[in-house]
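First up is the structure itself, then whatever we jot down about it.
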Amino acid sequence: KGHRALQIACAAWHSAIVSDSGDVYILSTRVKHGMSPDGEALGVSYRVLGVPRVDKIWCGADFTIAASTARREAHSWGDNSHGQCGVGHTNPVPRPMRIPSLDGLNIRSLACGVAHVIAVVVGEGKDSKASVMAWGWDAHGQLGIGTGGVGRNVPTPVLALLDKNAFQVTAGGSVSMCLTEEGAVFHCGQHLSRSARHMVTPRCVPNLDHITRIETSGYHLIAQTKL
Numbered sequence: 188k189g190h191r192a193l194q195i196a197c198a199a200w201h202s203a204i205v206s207d208s209g210d211v212y213i214l215s216t217r218v219k220h221g222m223s224p225d226g227e228a229l230g231v232s233y234r235v236l237g238v239p240r241v242d243k244i245w246c247g248a249d250f251t252i253a254a255s256t257a258r259r260e261a262h263s264w265g266d267n268s269h270g271q272c273g274v275g276h277t278n279p280v281p282r283p284m285r286i287p288s289l290d291g292l293n294i295r296s297l298a299c300g301v302a303h304v305i306a307v308v309v310g311e312g313k314d315s316k317a318s319v320m321a322w323g324w325d326a327h328g329q330l331g332i333g334t335g336g337v338g339r340n341v342p343t344p345v346l347a348l349l350d351k352n353a354f355q356v357t358a359g360g361s362v363s364m365c366l367t368e369e370g371a372v373f374h375c376g377q378h379l380s381r382s383a384r385h386m387v388t389p390r391c392v393p394n395l396d397h398i399t400r401i402e403t404s405g406y407h408l409i410a411q412t413k414l
């Protein structure tokens, strides 16, 4: 009461709100693996305790990530069966935990799939370049790290995008997309065609040029071009 919502994120079974006071509120239709830290009944709303003031929020299927631009740190909680919380293990995370690998980094863009995360991060130095990191479920190669099937429980560099001037990322259920400053789009993960293999390293999407923004849902992509 008396606060405004600064940012809202939605997933399949819960939504998250960051207020102008920096607090995080969850609207949940079910309780799973700490998505509701205090074990409330279904269909509840509550303020998340134990997370510092934040200004950014993202939701995966059953997990949440919140970040502070000022402190350059991020916290996560919820289902962590594939390491999607990025805290170094695959146990449930019922309370917000800091993601040590993201300390000191500015999160330029971040996106959550069902159980994986991809992010564009920039270091503290003024000459620091953007890099892409991914973690969590990798059954279809959606992390883009070249292994396919071997997930990661900590943020891991996507080396194939190291020199691509990454600008924005999006994620579907088991696919990841990356937009570069030059307007090219790269994708990796599940391929809808049964005759094609899943892409475990990012590839440039043909016939997409001068793109300014991308958005991904479960199994489709929409791209905005310059007028």
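The end of the sequence shown is residue 414 by this note's numbering, with every number in the run present.
Where a beta carbon is used, it is the ideal one built from N, C-alpha and C, also for glycine.
Own chain residues within Cβ distance below 7 angstroms of G359, not counting five before or after: G300, T403, S404, G405 and Y406
Below 8 angstroms on the Cβ atoms is my guess for I204 versus Y233; work out the distance and round it to an integer in Å. 11 angstroms between Cβ atoms; not a contact.
Quick one: give me the first and last residue of the beta strand (DSSP E) that I195 is part of. A192 to C197
Just the C-alpha distance for I294 and I305, rounded to the nearest angstrom, thanks. 11 angstroms
With 16 other Cβ atoms within 10 Å as the buried cut-off, status of N352: exposed
From H276, V309 and N278, pick the residue whose C-alpha is nearest to that of L292; which is it? V309
From V166 to I401, what does the alpha carbon distance come to, in whole angstroms? Not covered by the structure: residue 166. The range shown for the chain is 188 to 414.
Assign D207 to one of three DSSP states: helix, strand, or coil. coil
Are the CB atoms of G270 and I252 within a distance shorter than 9 angstroms? no
Quick one, are the C-beta atoms of G338 and W324 less than 9 angstroms apart? yes
Suppose you measure from the CA of T256 to the CA of K243; what does that come to, to the nearest Å? 8 angstroms
Pairwise C-alpha distance: R259 and K313: 15 angstroms
Do P281 and W264 have their C-beta atoms closer together than 9 angstroms? yes
Would DSSP call S268 helix, strand or coil? coil
Cross-strand partners of W245 (DSSP beta bridge): I252
Please report the straight-line C-alpha distance between T367 and V211, rounded to a whole angstrom. 31 angstroms
Span separating the alpha-carbon of L193 from that of C246: 15 angstroms
Sequence-distant residues of its chain with Cβ nearer than 8 angstroms to S208 (five each side left out): H190 and R240
As a quick exercise: from G370, L395, A326 and T357, pick the residue whose alpha carbon is nearest that of M386. A326
Shortest alpha-carbon distance to R285 belongs to which of C197, A261 and S315? A261
Excluding the 5 residues preceding and the 5 following G221 in the sequence, name in chain order all residues of the same chain whose CB lies nearer than 8 angstroms to its CB. Residue placement at G221 is poorly supported in this model, since its pLDDT is 47, which falls under 50; the coordinates are not used for a value here.
For the beta strand (DSSP E) that contains S318, what are its first and last residues? S318 to G323
Should Q329 and S296 be called a contact, given that it needs their Cβ atoms to be closer than 9 angstroms? no
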